[in-house]
Amino acid sequence: MSSKMRAILVKDGKGPIENLFIGEAERPSPGPGMVLVKVKAFGLNGMDLLQREGRYPMPPSSPTIMGVEFSGTVVQPRASRGAYGEYVEVRHRNLIRKPAHLSWVDAAGIMENYITAFQGLVFLTGIKAGDDVLIHAGASGVGVAAIQLARFYGANTVIATASSKEKLDMLLAMPNGATHAVNYRTQDFAEEVKTITSGKGVDIVIDMVGQSHWQKNIASLAFDGQMALLAFLSGSVVKEVDLAPVIFKRLRIQGSTLRARSADYHAELIGRFKAEAFDSITGSSGDGRIRTYIHKVYPWTQIQEAHREMEASKNSGKIVLEFD
Ligand SMILES: NC(=O)c1ccc[n+]([C@@H]2O[C@H](COP(=O)([O-])OP(=O)(O)OC[C@H]3O[C@@H](n4cnc5c(N)ncnc54)[C@H](OP(=O)(O)O)[C@@H]3O)[C@@H](O)[C@H]2O)c1
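Numbers given in my numbering equal positions in the sequence shown, counted from 1, plus 669.
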């Protein structure tokens with residue numbers, strides 16, 4: 670096997686979409702506890718756009734090749750990041766065997782979004798049957814995963830927000846999709862939450878939007894409510910925060926990323942996700958309680974088009990790229 674491989678790289682290390690190009694890189698050589706995987710397909714994530722622009726650090730293990738989720742075949746046992754290349758080095762214990770009912774494309778788009786949603790709902794907020802849940806960026810990869818997982822864990826209502834009727838219709842049409850959908854641009858989601866929950870508010874908010882949603886998120890939370898804060902797409906600075914509802918409603922707000930967690934935490938998260946939820950995932954035409962929703966599949970050489978589609982917020986569900 671050659672020591673080189675083809676990979677998607679970023680000219681000058683960071684920059685606009687036009688800086689993405691197909692180049693050549695060293696093929697990873699797996700160290701202890703790692704395996705080498707030949708990538709069949711990889712999922713695109715919001716984080717990739719930030720990394721391309723140099724606004725989110727690349728991991729030391731893969732300083733030049735982006736990409737955090739993939740499907741593929743193990744070609745060299747013992748080989749965690751860099752799914753934008755033909756080969757990726759990954760911790761053995763972070764792999765899940767692909768079941769036959771999932772295609773390579775379906776499988777490529779599961780890990781980052783579902784593990785993020787699972788962390789938010791199960792590890793951070795401890796969802797319980799009967800909870801009322803509010804999920805922002807509902808049509809994002811993470812949102813689609815979180816909506817279905819909330820239903821899977823027995824949520825009473827799952828209220829999702831998104832920016833267009835097309836996205837909201839899709840979220841309501843999913844078999845285990847949103848029970849209610851709100852257009853955050855044209856409606857006041859805190860008022861909608863109040864009406865839907867008969868004044869009680871939601872027990873859990875999963876938020877990736879941050880600044881623009883903060884006040885309404887606090888207003889939407891019920892007594893003892895919890896918010897998992899996973900990103901700040903609209904900005905990270907909130908002016909004039911009123912602490913009173915945090916205290917009087919006994920709110921708990923916890924932020925988290927996946928990246929900065931330890932290898933043991935990752936293994937525990939993935940192990941529990943596999944044991945509790947993964948086997949219930951089927952492709953979008955399957956009959957699983959949780960399904961993959963693939964917005965579009967591109968050949969990997971069309972990485973610029975794929976980034977453009979996501980940057981314009983056009984996707985409902987996952988964008989996946991396939992290797993030839
Ligand atoms: N903390 C973690 O561990 C972790 C892990 C993975 C991902 N994330 C974060 O989760 C978010 C979703 O990731 P993804 O890959 O699923 O993204 P995605 O599929 O690209 O979806 C992002 C969606 O967010 C909505 N959005 C963007 N800017 C917005 C704004 N200013 N206000 C309201 N909505 C906005 C858009 O939908 P609309 O058309 O509905 O506005 C957009 O389509 C990203 O911010 C990512 O960084 C966090």
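Every residue, glycine too, gets a C-beta built ideally from N, C-alpha and C.
Less than 7 Å separating the Cβ of residue i from some heavy atom of ligand 1?
| i | result |
| --- | --- |
| G846 | no |
| L912 | no |
| E781 | yes |
| H714 | Contrary to the premise, residue 714 reads as Asn rather than His in this sequence. Flag set: Cβ of N714 near ligand 1. |
| K836 | yes |
| N984 | yes |
| Y853 | yes |
| A819 | no |
| M877 | yes |
| T926 | yes |
| L793 | no |
| A850 | no |
| M843 | no |
| S833 | yes |
| G810 | yes |
| T961 | no |
| A936 | no |
| L771 | no |
| M727 | no |
| L899 | yes |
| M979 | yes |
| S671 | no |
| S931 | no |
| A829 | no |
| S867 | no |
| A815 | no |
Just to confirm my understanding: we take residue i, look at its own chain, exclude 5 residues before and 5 after, and list those with CB closer than 6 Å. What are they?
| i | result |
| --- | --- |
| A777 | A710, F711, G712, F739, S740 and V989 |
| D801 | N825, T826, T866, V871 and D872 |
| D681 | none |
Sort the options by Cα distance to residue i and report the nearest one.
| i | options | result |
| --- | --- | --- |
| G870 | V827, L841, S832 and S881 | V827 |
| V744 | A752, V757, P732 and V737 | V757 |
| A888 | S905, G868, A900 and F901 | G868 |
| L920 | D948, A936, H849 and A891 | A891 |
| I875 | E978, A676 and L790 | L790 |
| I677 | M735, A936 and R930 | M735 |
| S949 | G715, P768, G751 and N763 | P768 |
| E980 | I784, T961 and S809 | S809 |
| F947 | Y934, T961 and S833 | T961 |
| P968 | R675, F992 and G952 | F992 |
| N852 | K836, K918 and K863 | K836 |
| R1000 | F917, V862 and K834 | This structure cannot speak to residue 1000, because the chain is shown only from 670 to 993. |
| I779 | L718, H849, V811 and Y753 | V811 |
| E937 | D857, Q788 and L718 | Q788 |
| T733 | L719, Y753 and L718 | Y753 |
Would you check if the distance between the CB atom of residue i and the CB atom of residue j is smaller than 8 Å?
| i | j | result |
| --- | --- | --- |
| G807 | A786 | no |
| I963 | K983 | no |
| G904 | Q880 | yes |
| V813 | V966 | no |
| I804 | A829 | yes |
| E695 | S672 | yes |
| Q817 | M843 | yes |
| A798 | G823 | yes |
| G751 | S731 | yes |
| N845 | R928 | no |
| H770 | T951 | yes |
| S925 | A897 | yes |
| K918 | G955 | no |
| N782 | I939 | no |
| I765 | K908 | no |
| T970 | I691 | yes |
| R977 | I686 | yes |
With a threshold of 7 Å on Cβ separation, who are the neighbours of residue i within its own chain once the five nearest residues in sequence on each side are excluded?
| i | result |
| --- | --- |
| A748 | Residue placement at A748 cannot be trusted, given a pLDDT of 45 that sits under 50; what the coordinates show is reported in the next sentence. Closer than 7 Å at the Cβ level, and outside the excluded window around A748, lie P697, P699, M703, V704, L705, V706, E758 and V759. |
| V679 | N688, L689 and R721 |
| F821 | N845, A946, S949, R958 and I959 |
| M839 | A808 and S985 |
| P726 | none |
Please return the same chain residues whose Cβ sits closer than 8 Å to the Cβ of residue i, not counting the five positions on each side in sequence.
| i | result |
| --- | --- |
| E755 | M674, R675, A676, R696, K707, V708 and F992 |
| V915 | I887 and I922 |
| L902 | G715, A806, M877, V878 and G879 |
| G723 | G682, K683 and G684 |
| A975 | L713, K965, Y967, I988 and L990 |
| Q973 | I686, E687 and L689 |
| T742 | V706, K707 and K709 |
| Curious, which full-length beta strand (DSSP E) runs of at least 3 residues does the region 679 to 749 contain? | 689 to 695, 703 to 712 and 739 to 745
| request: May I have a chain-ordered list of the beta strand (DSSP E) segments no shorter than 3 residues that lie completely inside the region 753 to 818? | output: 756 to 760 and 801 to 804
| query | In chain order, which alpha helix (DSSP H) runs of at least 4 residues are fully inside the region 869 to 931? | reply | 883 to 889 and 913 to 917
| message | List, from N- to C-terminal side, the alpha helix (DSSP H) runs of 4 residues or more that fit wholly inside the region 947 to 987. | response | 972 to 980
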